[in-house]
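Here the structure comes first, spelled out in structure tokens, and everything after it is commentary.
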Amino acid sequence: MPGGRLCAACFVVLGTVSLIATQQAITKPGPIPKAGPLARPRSLQQVGVPAEATRAAIPPDNPQTPEKIVLGERLFFDGRLSADGTVACSTCHDPARAFTDGRPTSMGIKGRIGQRNAPTVLNALYNKTQFWDGRATTLEEQAGLPIVNPVEMGQPSLGAAVAQIEAIPEYRERFQHVFGRPLNGPDLLRAIASYERTLVSFDSPFDHFVAGSKNAMDASAQRGWELFNTRGRCNLCHALTDTKRDPTFFTDNTFHNIGVLVVRHNVVALARQAEQLIKSGDTAAIDQAAIQSEMSALGRFLVTKKEPDIASFKTPNLRNVLLTGPYFHDGSHATLWDVMDHYNKGAGLKNPYLDQDIQPLALTEGDIDDVVAFMASLTSPDYKEQGIKELARQRALSRTTRPQRDTARAFGPKPPQPKPPGP
Ligand code: HEC
Ligand code: HEC
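Be aware that the sequence shown starts at 2, since it is given in this note's numbering, and climbs by one per residue.
As structure tokens, then:
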């Protein structure tokens with residue numbers, strides 16, 4: 002079976018799907034990041050906030066109240082939600098790192114490592130689906146999955162997490178006060194989601210530029226924004242439509258195979274295996290396959306079982322992207338220059354499912370620097386100082402190592418695409 006190579010490390014079996022354990026737990030996740038000033042709910046008066054979409058993101062059955070938000074914030078930073086008390090949501094979504102963890106793939110309880118990179122929770126309220134493969138729709142639904150994932154927070158069930166929180170008198174009282182009924186699973190998830198909906202992050206130099214301050218972004222970033230919408234072809238996915246510039250969301254809310262390291266896996270064999278083993282709609286089973294097994298590479302296919310979705314992932318919003326590296330669903334690209342090299346050469350790996358919009362771009366080094374400068378201008382003021390340091394760090398790294406660069410391919414013709422294998 003395809004997982005055989007890794008099976009020395011297998012530790013759990015889901016049906017007959019082998020789940021990859023972490024490498025031996027040599028390290029443990031660090032101390033739980035605390036809620037500081039960067040964890041605070043953000044103002045809705047920031048330049049660039051889409052007022053209507055922000056209102057629309059609040060579901061009727063979970064209205065925002067100040068007390069609920071405070072409760073959700075407390076839970077987000079509380080390790081007692083995890084099986085052994087060591088991991089909170091903030092372990093992997095640390096406000097100091099723009100609500101990510103800085104790791105290629107995340108580390109949960111007992112030092113267990115998953116297969117996916119932690120996206121930011123900033124602006125997650127606008128996502129039409131949650132997770133890289135969109136297997137959850139709402140923030141409430143999303144929040145329940147890491148709690149019970151064995152390599153994240155490791156609870157045997159949501160009920161077990163509720164029991165653990167219920168044993169703390171202060172939480173019992175607060176839940177009663179906020180929801181007017183005893184603590185239960187759905188309300189626990191509502192409180193967390195409610196807090197996440199306050200993490201609205203705009204007000205970047207780009208937002209000020211769009212609002213009319215032409216000097217808010219330097220000339221390089223301005224050229225980058227042009228390239229993003231023209232020769233760079235980024236707008237074909239990182240915009241709501243192909244025809245109109247989208248200065249707000251930077252995503253088409255859909256899924257694409259852009260050729261991130263697909264070759265590493267025998268995806269077709271994996272897809273056949275997944276199809277047989279994971280019953281449609283069993284979100285917890287999909288969650289385990291996505292986080293713990295080689296099937297992670299199948300992306301959206303795990304959810305839809307449709308062949309064109311093999312190794313497709315959600316187009317992420319690009320706000321604060323300077324601070325959310327390493328990049329892509331598997332954290333395989335260290336810098337924004339590496340990301341640009343990936344697109345510039347048109348991925349080009351022998352990948353029958355590659356999106357038609359991916360092709361060699363023939364961008365020069367100057368063009369690449371400009372698009373990176375544009376992406377850096379999407380950094381919100383909370384992270385301004387950190388952004389300056391991070392850009393300098395990535396630039397220095399990119400001057401010595403460019404593992405994804407392939408200039409010949411970037412300036413060459415679009416390679417012929419292999420056909421998908423027959424049934
Ligand atoms: C062990 C690390 C870890 C913990 C703990 C964790 N997450 Fe995540 N989170 C991730 C990873 C990795 C992903 C992406 C997984 C995927 O797409 O398959 C993710 C995805 C998300 C997303 C989806 C964002 C998007 O753009 O699609 C949200 C929202 C989120 N987590 C919130 C939470 C909340 C709330 C908690 C606590 C209840 C939590 N996370 C606990 C690692 C973690
Ligand atoms: C065909 C659609 C498509 C096009 C065109 C495209 N992207 Fe993407 N982008 C995606 C998808 C899908 C992902 C996630 C892929 C993955 O992780 O496997 C992504 C991921 C990224 C990421 C990583 C974000 C993160 O949080 O890890 C960056 C940065 C990015 N794109 C920038 C760009 C830029 C700049 C361009 C133009 C040069 C561009 N993209 C063109 C669809 C696209």
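Virtual Cβ for every residue (Gly too), placed ideally from N, Cα, C.
So residue 1 and residue 422 are in contact, right, with Cβ under 8 Å, and what is the actual spacing, rounded?
An answer regarding residue 1 cannot be provided, because it is not within the stretch 2 to 424 covered by the chain.
Around the C-beta of residue 386, are 16 or more other C-beta atoms found within 10 angstroms, so that it is buried, or is it exposed?
exposed
Cβ-based burial, residue 171 [other Cβ within 10 Å; buried from 16]:
Exposed, because fewer than 16 other Cβ atoms sit within 10 Å of the Cβ of residue 171.
Under 7 Å: does the beta carbon of residue 315 sit that close to some heavy atom of ligand 2?
yes
What does DSSP give as the partner residue(s) for residue 343 in the beta ladder?
Paired residue(s): none; residue 343 is not in a bridge.
Residue 114 in three-state terms, based on DSSP:
Strand.
Please determine whether the Cβ atom of residue 133 lies at a distance below 7 Å from any heavy atom of ligand 2.
Under cutoff, so the answer is yes.
I believe residue 302 touches residue 272 by the beta-carbon criterion, under 8 Å. Please report the beta-carbon distance rounded to the nearest angstrom.
6 Å
By how many angstroms is the C-alpha of residue 377 removed from the C-alpha of residue 197?
23 Å
Less than 7 Å between C-beta atoms, sequence neighbours within five positions excluded: which residues of the same chain meet that for residue 26?
Confidence at residue 26 is low in this model, with a pLDDT of 44, below 50, so its placement is unreliable and the value that follows should be read with caution. Hits under 7 Å: 111, 112, 113.
Cα separation between residue 372 and residue 323?
12 Å
Under 7 Å: does the beta carbon of residue 148 sit that close to some heavy atom of ligand 1?
yes
If you drop the 5 nearest sequence neighbours on each side, which residues of the same chain put their C-beta closer than 7 Å to that of residue 395?
336, 337, 338
Output yes or no for whether 8 Å exceeds the beta carbon distance between residue 238 and residue 257.
yes
Within the present structure, is the beta-carbon of residue 312 separated from the nearest heavy atom of ligand 1 by less than 7 Å?
no
Taking only the alpha-carbon atoms, compute the straight-line gap between residue 405 and residue 261 and give it to the nearest angstrom.
When rounded, the distance between both Cα atoms is 11 Å.
Return yes when at least one heavy atom of ligand 2 lies under 7 Å from the C-beta of residue 356, else no.
yes
So what does DSSP say about residue 218, is it helix, strand or coil?
coil
If residue 30 and residue 154 are in contact, beta carbons under 8 Å, what's the gap, nearest whole angstrom?
Not really, about 11 Å apart at Cβ, beyond 8 Å.
Using CA atoms only, rank isn't needed, just tell me which of 58, 42, 92 is closest to residue 74.
42
Looking at the structure shown, is residue 79 part of a helix, part of a strand, or coil, going by DSSP?
coil
Determine, using beta carbons only, whether residue 145 and residue 190 come nearer to each other than 8 Å.
Yes.
Determine the direct distance from the alpha carbon of residue 62 to that of residue 139, and round the result to whole angstroms.
12 Å
Which of the three DSSP states, helix, strand or coil, is assigned to residue 300?
strand
Closer than 7 Å to a non-hydrogen atom of ligand 2 - does that hold for the CB of residue 86?
Remark: the shortest separation between the CB of residue 86 and any heavy atom of ligand 2 does not fall under 7 Å.
Nearest CA to the CA of residue 369: which residue from 217, 382, 343?
343
For residue 95, which beta-bridge partners are listed by DSSP?
Note: residue 95 sits in a beta bridge opposite 101.
I need the DSSP call for residue 25, collapsed to helix, strand or coil.
For residue 25, the pLDDT reaches just 42, beneath the cut-off of 50, and the residue's location in the model is therefore unreliable, although a value from the coordinates is still provided. Looking at residue 25 - three-state DSSP - the assignment turns out to be coil, as it is neither helix nor strand.
What does DSSP give as the partner residues of residue 172 in its beta bridges?
Residue 172 is not bridged to any residue.
Let me confirm a value: residue 117 is counted as buried when at least 16 other C-beta atoms fall within 10 Å, else exposed. Which label applies?
With 16 or more Cβ atoms within 10 Å of its Cβ, residue 117 is classed as buried.
Roughly how far, in whole angstroms, is the beta-carbon of residue 81 from the beta-carbon of residue 177, given that I think they are within contact range, below 8 Å?
That belief does not hold up - the Cβ atoms of residue 81 and residue 177 are roughly 18 Å apart, past 8 Å.
Look at the alpha carbon of residue 183 and the alpha carbon of residue 402, and state the distance between them as a whole number of angstroms.
Note on geometry: alpha-carbon atoms of residue 183 and residue 402 lie some 56 Å from one another.
Simplified DSSP state of residue 180, which is helix, strand or coil
helix
Does the beta-carbon of residue 330, which I'm using as the reference point, lie nearer than 7 Å to any heavy atom of ligand 2?
yes
Is residue 211 near ligand 4, judged by its Cβ being under 7 Å from some heavy atom?
This structure lacks ligand 4; its bound ligands are ligand 1 and ligand 2.
Whose CA, out of 221, 28, 98, 299, lies closest to the CA of residue 313?
299
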